[in-house]
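Our numbering runs 10 ahead of the 1-based position in the sequence shown.
In this text, a Cβ means the ideal position worked out from N, Cα and C, and glycines have one as well.
Written below as C-alpha cells is the structure these notes are about.
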Amino acid sequence: MKAKDGDYWISDRVAGFKMKRAARLSTVASPEAVVKGRKLTVTGLLTRASWEDLKHHGVAGQAVQLQ
C-alpha cells in the first residue's frame with residue numbers, strides 16, 4: 011500500500027477491509043407547516059461518490075431511514 015505522503019507498507023498478509031464511499035442525501039418535506047399528528051411527506055435524492063469520475067451520482071433502489 012502506498013500513501014499520498016510518499017510512505018509505504020509492504021506485507022504478505024493483509025487483513026480484509028471494507029471501503030466506504032461518501033454519500034449525500036438531499037430532502038424536501040411537505041407540507042411546509044405540519045400540524046402535530048398529521049402526515050408529513052419527505053422526498054429526496056440519494057447520491058454516492060464515484061471513484062471513476064470523482065463526482066456524485068444518483069443511487070436507485072436503496073432504502074433510507076430518517077430519524
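Bounding residues of the beta strand (DSSP E) (the contiguous stretch that carries residue i)
| i | result |
| --- | --- |
| Gly-68 | 66-68 |
| Ala-59 | 51-59 |
Below-8 Å beta-carbon distance, residue i vs any chain C residue
| i | result |
| --- | --- |
| His-67 | Among the chains in the structure shown there is no chain C, since it carries only a single protein chain. |
Those residues which DSSP pairs with residue i across a bridge
| i | result |
| --- | --- |
| Leu-35 | Leu-56 |
Residue nearest to residue i in terms of C-alpha spacing, selected from the options
| i | options | result |
| --- | --- | --- |
| Thr-37 | Glu-62, Val-69, Thr-53 and Gln-77 | Thr-53 |
| Leu-55 | Asp-63, Lys-49, Gly-47 and His-67 | His-67 |
| Arg-31 | Lys-65, Arg-48 and Val-45 | Lys-65 |
Contact belief for residue i with residue j at Cβ below 8 Å, rounded distance in angstroms
| i | j | result |
| --- | --- | --- |
| Thr-51 | Ser-40 | 5 Å |
| Thr-57 | Val-69 | 6 Å |
Assigned secondary structure, residue i (DSSP; H/G/I helix, E/B strand, else coil)
| i | result |
| --- | --- |
| Ser-21 | coil |
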